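Chains as they are written, first to last, in this note's numbering: chain P, 2 to 116; chain C, 48 to 162.
Laid out in structure tokens, this is it:
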């Protein structure tokens, strides 16, 4: 069964360092998303991406964050200068249709620990 | 403000027993309501998606109900198994004119099934 894959599964980094989280969405999906979940809290929307551009972003997704689809298969989330409060599980998701109607398929997540 | 509230926060039941999880939401209008299962440290997995016009939807031992008038949904789990131990998350998709208002997540109900 097709699935969304994410790497790395866990990354530990020093505050101020740049981090890139990678995702391979399901191949025929057109819509891509990043969510995050701080330990013990609810899943929060970061950004949605369609047709090679950001379609929506949350207040969390500030200038420190960026997304890219560099080669037609990967979908990356970059955090330029990590802060302690960026420590969370980051989930990539994809859908065949717009998320308002389409089913979202989530990856297993990348756990980011900022020291 | 669009919100999704779930109850109880956590629940412990014996294997083989049934249980019902509740979701109240203030999102209006909405496109659909979803229930996800999230194992610890893993990504959410979709259980059901119901449009505003549907009252019930089943997926194996999982049955979701929706009352759009009272803005309530429930997830009923029949004959629980140890593998049902997970967080169950209620998610509502707002219907917006712009078509890109993000999904609204609840905090989830943590279910523990014990032998």
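Where a beta carbon is used, it is the ideal one built from N, C-alpha and C, also for glycine. Note that the structure is predicted; figures quoted are calculated from it, not measured.
Can you give me, in chain order, the residues of the region 67-80 of chain C that have a beta carbon less than 8 Å from any beta carbon in chain P? 78 and 79
Contact between the region 82-101 of chain P and the region 18-38 of chain P: three or more CB pairs below 8 Å? yes
Nearest to residue 92/C (by Cα), restricted to the options 106/C, 73/C and 74/C: 106/C
Quick one: list the residues of chain P neighbouring residue 136/C, beta-carbon separation under 9 Å, in chain order. 43 and 44
Mapping DSSP to helix, strand and coil, what is residue 85/P? helix
Checking contacts by CB at 8 Å: is residue 22/P closer than that to chain C? no
Residue-chain proximity (residue 108/C, chain P), Cβ-Cβ < 8 Å: no
Can at least three beta-carbon pairs, one atom from the region 52-72 of chain P and one from the region 58-66 of chain C, be found at a separation below 8 Å? no
Distance, Cα to Cα, residue 138/C vs residue 87/C? 18 Å
Quick one, which of 4/P, 105/P, 42/P and 92/P has its alpha-carbon nearest residue 53/C's? 42/P
Measure the alpha-carbon distance for residue 4/P versus residue 108/P and round it to whole angstroms. 7 Å
Is the CB of residue 122/C under 8 Å away from at least one CB in chain P? no
In terms of residue numbering, what span does the beta strand (DSSP E) encompassing residue 143/C cover? Premise fails: residue 143/C is in no beta strand (DSSP E) and is neither H nor E.
Report all residues from its chain with a CB closer than 7 Å to the CB of residue 16/P; omit the five preceding and five following residues, and keep chain order. 83, 84, 85, 115 and 116
At the level of alpha carbons, what is the spacing between residue 128/C and residue 159/C? 10 Å
Let me know the secondary structure DSSP gives residue 95/P once reduced to three states. strand
Answer with yes or no whether the minimum CB distance from residue 59/P to chain C is below 8 Å. yes
Who are the near neighbours of residue 58/P in its chain, counting only those whose CB is closer than 6 Å to its CB and skipping five residues on each side? 48
In three-state terms, what does DSSP make of residue 59/P? coil
Mind checking which residues open and close the beta strand (DSSP E) that includes residue 39/P? It is not in any beta strand (DSSP E) - residue 39/P carries neither H nor E in the DSSP assignment.
Output the distance between the C-alpha atoms of residue 150/C and residue 46/P, rounded to the nearest integer angstrom. 8 Å
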